[in-house]
Structures are given as structure tokens and as C-alpha cells.
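So the protein sequences, as listed, match chains H and Y. Taken in order, the first sequence gives residues 113 to 257; the numbers are from the numbering used here. Taken in order, the second sequence gives residues 79 to 466; the numbers are from the numbering used here. Where is the CB? At the ideal position from N, CA and C, for every residue including glycine.
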Amino acid sequence: MTAEALAKVAVDRPLPVPDAATGPYWEAARAKRLVMPRCGDCGRYHFYPRTVCPQCSSANLKWTEVSGAGTVYSYTVIHRAPSPAFAAAVPYVVAAVKLAEGPHLMSNIVGIAPDDVRIGMPLKVVFQKFSEEITLPMFEPAEKP
Amino acid sequence: MANLKAAIAGIGESRVGRVPDRSALQLQTDAAQAALADAGLKMSDIDGLLTTPVRVEHWNMPCGVVAHHLGVRAKYLSTVDIAGASGCGMIHQAAMAIAAGQCSTVLCVAGQNLLTHSTRASAVKKMAEGGSAQPQFEVPYGPLVPSLYALVAQRHMHEYGTTPEQMAEVAVTLRQHASMNPNAHKREPITVADVLNSKKIASPLHILDCAIVSDGACAAIVTSAERARDLKQKPVHLLGQGYGCRHSHIGDTELTTTGAVDAGVAAFNSAGLKPSDMDFAQIYDCFTITVIVELEDLGFCKKGEGGAFVQGGRIGIGGELPVTTHGGLLSGGHPGLGGGFFHVIEAVRQLRGDAGARQVKDAKVALVHGNGGVISIHCTLILGGAAA
């Protein structure tokens with residue numbers, strides 16, 4: 113399924129509601145940039161975004177643009193939709209993506225047949241707009257099959 | 079860690095399965111009454127109460143609602159919410175309250191009408207959006223609860239060569255156990271082929287790899303080991319306990335090793351025992367892969383060997399390590415947070431020698447493990463038929 117097709121499946125897809133800690137992430141996604149919070153003291157990334165570093169408790173956090181390159185850490189092909197919003201999208205892929213910079217995040221893998229996804233497969237980020245406010249980072253294979 | 083010198087003096091269950099004529103409070107009342115009768119006590123003997131939140135209705139302060147409903151005048155009451163680990167947590171927290179002198183006899187009770195209160199579809203939607211998946215960074219991608227465990231299963235298969243057949247073996251064995259439990263929800267035997275041919279939910283998991291949804295409640299009465307000696311039943315002693323939590327949500331973490339490692343080490347250390355001392359293990363089984371990962375993390379086998387460990391009848395009654403002998407969440411019954419509490423109740427039954435057709439021979443010491451979230455938060459108990 114393409115990102116476009118997955119985007120069309122639902123009007124009532126549950127979209128994120130940005131807050132003070134996460135607003136910059138969604139703002140960047142709207143501009144087609146993937147950013148991660150990185151600690152200005154210990155230098156480590158973390159995700160999901162917090163107001164203090166979970167590794168050293170520093171509040172000196174900086175939003176840092178990452179490459180958008182990653183690999184499939186794990187994935188699942190979903191055959192049973194969690195809600196009517198996703199019913200038209202099945203089967204679709206939910207994955208744990210390992211970014212080149214280290215952090216893991218959950219996403220959809222698009223631009224490839226679900227059954228062709230493999231652990232370790234190189235990925236690159238793509239951006240799919242769902243509303244004026246929300247654009248979701250998704251991933252597709254780095255090399256087109 | 080000091081031995082808390084506490085014992086479980088009574089256990090009880092409501093009817094489990096489809097019980098449309100009972101509300102959550104009525105199911106909990108049935109379980110509480112059964113536990114009191116089992117212990118030979120009256121409600122007026124209870125001076126402490128622990129329960130968990132329910133999903134079917136909003137209780138402002140669950141322990142207050144339940145205490146008032148049952149007419150308990152508690153000197154200590156609290157709501158325990160460590161998700162699926164709450165059943166184990168209640169026993170330990172009751173023991174602490176008693177050891178601290180706050181109260182003497184604690185009723186722990188949990189359960190609800192999760193099956194008949196709502197449709198299965200609305201239960202699935204509620205669970206998918208109800209906190210197991212992170213609301214901003216996971217829910218928008220359409221995971222459902224089984225898909226979160228499917229990520230664990232897929233990664234475990236990749237790293238260690240675990241197979242869908244090995245996962246299916248867990249479901250088949252626990253169904254065998256449920257078939258010997260008159261109060262279990264699902265009792266018809268199944269085969270590995272049945273599991274593999276059942277409806278695909280989120281690869282590699284099929285519907286028979288997933289916990290069922292049930293109505294039901296269970297209860298236990300905890301008191302001091304000293305007092306338990308004078309009561310009607312053979313006491314079952316709390317020998318050790320431990321907790322662990324290494325992640326909250328599954329999307330941002332390592333997938334195949336969990337906080338069960340920490341909970342297990344702490345529990346074995348506090349009891350002065352080791353995995354090979356256990357006569358059986360009541361392992362939380364929300365999905366088949368959960369049992370495999372937890373057997374590894376708790377030290378019953380090496381990391382990566384859980385798939386092979388569950389094969390060949392090793393986790394069945396009469397096997398090397400019988401696991402979840404009442405049928406668990408996969409077949410016995412799963413009414414939400416109370417689900418993991420049935421694992422404790424069954425351990426008590428086995429250690430008293432009261433488990434009937436599914437009795438584990440010479441059962442003296444057992445491990446009970448609960449987990450909540452997405453194998454996020456863990457509580458392990460070591461229980462024994464004799465005091466330490």
C-alpha cells in the first residue's frame with residue numbers, strides 16, 4: 113500500500129495532539145524534517161520526547177535534525193484493524209524502526225508489498241500529510257525493489 | 079529483603095467465561111464470598127482491602143467502591159494498578175501492610191464483566207487506544223494490542239530462530255490445562271495446526287496466539303503466617319517477590335529482553351531459591367510469545383532457547399516445568415487486570431494439593447509472574463507450601 117492510499121483510508125484516524133514537549137517534532141514533520149530530542153549535556157538522543165533527558169535528567173535538550181535513514185528493527189503485518197478508521201487499510205505494516213542515529217520509533221512502512229518487508233531492510237523517511245497541522249513521518253525502502 | 083512472614087489463607091473464584099447476569103461488583107462479591115468461605119472467615123474479619131481498576135466502568139476510587147459495596151471497614155485500603163502484574167502486586171502489598179502492623183487480614187479481589195459488558199470490537203478499539211500504544215507516536219500508525227506483541231515475536235524469530243509452531247505449542251498446552259479446569263472459559267482441545275490455521279491478526283500472531291476476553295473475578299485472603307496456621311486451610315506462604323520495569327511503550331525499546339529479568343532475580347534472591355527449585359511456574363500469558371520471553375528472562379532457560387523449551391510436553395502437567403496449569407489468559411479466562419490474579423489463585427490451589435485432575439505431583443514451591451503494559455512492568459512472587 114502506498115502512503116497516499118494509507119492516508120486516504122480514514123477520516124477518523126486518531127491523529128496526534130501536540131503538546132509543549134512534542135510540538136517541535138510535529139512542526140518539523142510539517143516541514144518534512146525528522147527531528148529528535150538530544151541532550152546538550154550527555155549528548156544522547158531519546159524518544160519519545162520528554163522535558164528532561166531520561167538518561168541524565170538534564171533539561172538542556174536540543175531538537176536535532178536526523179538523517180531519516182534507518183532499518184527495520186521489527187515489523188508486523190496487520191490483518192485485523194484496531195478500529196474502523198484502519199479497516200480499509202489492511203493489510204498494512206506497523207514497524208519498529210531503528211534510526212541510523214540510534215533511537216527506535218514506531219511507524220508504518222509504505223511503498224512495498226507488506227509480505228516483502230524484512231528485518232534489517234534499509235529505510236528512508238517519507239512524510240504523509242493528514243491535516244493542516246499533522247504530517248506523519250513514515251518509512252519506505254531506501255532502495256526501490 | 080526480609081521475609082514478610084505472610085500467607086494466603088483463602089482463595090475464591092466467581093464463575094468465569096460468559097457471565098451476563100453479573101456486574102463487575104457482583105463478580106467481585108462472588109469471588110470474595112468464595113475466598114472467605116474457603117478460609118473459614120467472615121467479612122467482618124477483613125480489615126484490609128486491595129483491588130484494581132476496572133475497564134467496564136469508571137470507579138472514582140476502586141478500593142473505596144469495592145470496600146463500601148462489600149461492607150468492609152478497612153484499616154488499610156488501596157488500589158493497585160501495575161496493569162497485568164496487579165494480581166501478584168496485591169499479594170505482596172497486602173503482605174507489606176500486615177508486616178507493618180497496619181492491618182491483619184487483607185482481602186485482595188479483582189475482576190469484571192469484560193466480555194458481556196461491551197462488544198468484542200469495542201473492547202479491541204478501547205484497548206488499542208487505551209494506553210498500551212503511546213497516544214502521539216504509536217496510535218496514529220494503527221497498532222492494535224496484539225501487533226505490539228507481534229513486534230516482539232517477529233524480532234525473537236529473527237534473533238533466535240523461534241518458530242510459529244513453537245508459539246502455537248504454548249497455546250495448545252495451556253488449552254490442555256484449561257480442559258482439566260472446570261471453571262475455565264475455553265476447554266475444547268486444540269492442535270498446533272488449529273493455531274496456525276486460525277485467523278491472522280498481526281503476523282506472526284494468529285487469534286489463538288492471543289488471550290481471550292472473559293467475565294470473571296477472583297479473590298485471595300492474605301494474613302500473617304502465624305495467624306494462617308490457625309485457620310481452616312493449609313497456608314501458602316509468600317517466600318519472595320520482585321519488581322521490574324525497563325520500558326513503558328514498545329516502539330522505542332529493545333524487544334526481546336524485559337524487566338522480568340530484574341523481577342525474577344529479586345524474587346529468587348529474596349526467597350533464597352533458584353529457577354531449578356520451582357515445581358511449576360504460573361507465567362503470564364497474554365500472548366504465546368510472552369511465555370517464551372518470560373521463561374528466558376526469569377532464568378528457566380537461556381535467552382533464545384524459550385522456543386525449544388516449550389516443546390515436547392516440557393511445560394505440560396507431568397512435564398519438567400508445568401506452566402500456567404489453570405489454562406491462563408489464553409484459555410482459562412481473561413477479565414482485564416484481574417486476569418493475572420488467577421495465576422496466583424491456581425498456584426495456591428496446586429500448593430495445597432487441591433488442583434484435581436491437573437494436580438502437579440509433589441508441588442511444594444512455585445513461581446508466579448505477572449506483567450503489564452507491553453511486557454513493560456513485572457511482578458514475580460515465589461510461593462511455598464511450607465514457611466521459609
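Residue i (DSSP reduced to helix, strand or coil)
| i | result |
| --- | --- |
| Ala122 of chain H | At Ala122 of chain H, the pLDDT of 48 sits below 50, so the modelled position is not reliable and the matter cannot be decided from this model. |
| Gln319 of chain Y | strand |
| Gln311 of chain Y | coil |
| Cys141 of chain Y | helix |
| Ser210 of chain Y | coil |
| Ile367 of chain Y | helix |
| Lys204 of chain Y | helix |
| Ala435 of chain Y | helix |
| Thr194 of chain Y | helix |
| Ala152 of chain Y | coil |
| Gly68 of chain Y | This structure gives no information on residue 68 of chain Y, because the portion of chain Y shown stretches from 79 to 466. |
| Ile160 of chain Y | coil |
| Asp131 of chain H | coil |
| Ser219 of chain H | strand |
| Val206 of chain H | strand |
| Ala85 of chain Y | strand |
Own chain residues within Cβ distance below 6 Å of residue i, not counting five before or after
| i | result |
| --- | --- |
| Lys210 of chain H | Gly182, Thr183, Tyr185 and His216 |
| Gly214 of chain H | Tyr157 |
| Pro234 of chain H | Thr183 and Ala254 |
| Gly382 of chain Y | Tyr238 |
| Ala122 of chain H | Caution is warranted here: a pLDDT of 48 is assigned to Ala122 of chain H, below 50, making its placement in the model unreliable, and the coordinate value is therefore given only provisionally. Correct list, in chain order: Ala197. |
| Pro221 of chain Y | Ala211 |
| Trp138 of chain H | Pro130 |
| Leu103 of chain Y | His147 |
| Thr331 of chain Y | His325 |
Residue i and residue j closer than 8 Å at C-beta
| i | j | result |
| --- | --- | --- |
| Ala109 of chain Y | Gly90 of chain Y | yes |
| Ala297 of chain Y | Cys141 of chain Y | no |
| Ala465 of chain Y | Thr188 of chain H | no |
| His537 of chain Y | Gly405 of chain Y | With chain Y covering only 79 through 466, there is no way to say anything about residue 537 of chain Y. |
| Asp363 of chain Y | Leu252 of chain Y | yes |
| Val65 of chain Y | Gln180 of chain Y | It is not possible to answer for residue 65 of chain Y, since the shown part of chain Y is limited to 79 through 466. |
| Pro128 of chain H | Ile246 of chain H | yes |
| Pro282 of chain Y | Gln244 of chain Y | no |
| His421 of chain Y | Ala338 of chain Y | no |
| Thr157 of chain Y | Thr129 of chain Y | yes |
| Asp287 of chain Y | Thr366 of chain Y | yes |
Range covered by the alpha helix (DSSP H) that runs through residue i
| i | result |
| --- | --- |
| Ala110 of chain Y | Ala102 to Ala117 |
| Cys296 of chain Y | Not the alpha helix (DSSP H): Cys296 of chain Y falls in the beta strand (DSSP E), residues Asp293 to Ser302. |
| Tyr137 of chain H | Gly135 to Arg142 |
| Asn261 of chain Y | Segment: none, Asn261 of chain Y is in no alpha helix (DSSP H) and carries neither H nor E. |
| Pro194 of chain H | Looking at the DSSP string, Pro194 of chain H is not in any alpha helix (DSSP H), and its letter there is neither H nor E. |
| His136 of chain Y | Taken as a continuous stretch (DSSP letters only), His136 of chain Y belongs to no alpha helix (DSSP H), as it is neither H nor E. |
| Glu247 of chain Y | Pro242 to Ser257 |
| Leu326 of chain Y | It is Ser, not Leu, that sits at residue 326 of chain Y in the sequence shown. Where Ser326 of chain Y is concerned, there is no enclosing alpha helix (DSSP H), given that its DSSP letter is neither H nor E. |
In DSSP terms, what residue i is bridged to
| i | result |
| --- | --- |
| Pro253 of chain H | H:Leu235 |
| Gly450 of chain Y | Y:Ile455 |
| Leu211 of chain H | H:Gly182 |
| Gln232 of chain Y | None, per the DSSP bridge assignment. |
| Ala359 of chain Y | Y:Val401 and Y:Leu445 |
| Thr247 of chain H | H:Lys241 |
| Arg150 of chain H | H:Tyr157 and H:Lys174 |
| Cys288 of chain Y | Y:Phe365 |
| Glu91 of chain Y | Y:Cys296 |
Contact set for residue i: own chain, Cβ-Cβ below 7 Å, skip 5 residues either direction
| i | result |
| --- | --- |
| Ala117 of chain Y | Ala87, Gly88, Ile299, Leu309, Lys310 and Gln311 |
| Thr176 of chain H | Val147, Met148 and Arg150 |
| Val237 of chain H | Leu146, Gly180, Pro249 and Phe251 |
| Asn275 of chain Y | none |
| Ala303 of chain Y | Lys83, Ala84, Ala85, Pro313, His315 and Ala465 |
| Lys278 of chain Y | His284 |
| Asp375 of chain Y | Thr335, Thr336, Ala338, Val339 and Gly342 |
Range covered by the beta strand (DSSP E) that runs through residue i
| i | result |
| --- | --- |
| Gln190 of chain Y | Thr183 to Asn191 |
| Gly126 of chain Y | Gly126 to Thr129 |
| Ile279 of chain Y | Lys278 to Ala280 |
| His421 of chain Y | Per DSSP, His421 of chain Y belongs to no beta strand (DSSP E); it is in the alpha helix (DSSP H), Phe419 to Arg430. |
Close beta carbons around residue i, own chain, < 8 Å, minus the five adjacent residues each side
| i | result |
| --- | --- |
| Lys442 of chain Y | Asp357, Leu429, Gly462, Gly463 and Ala464 |
| Gly232 of chain H | Thr183 and Val184 |
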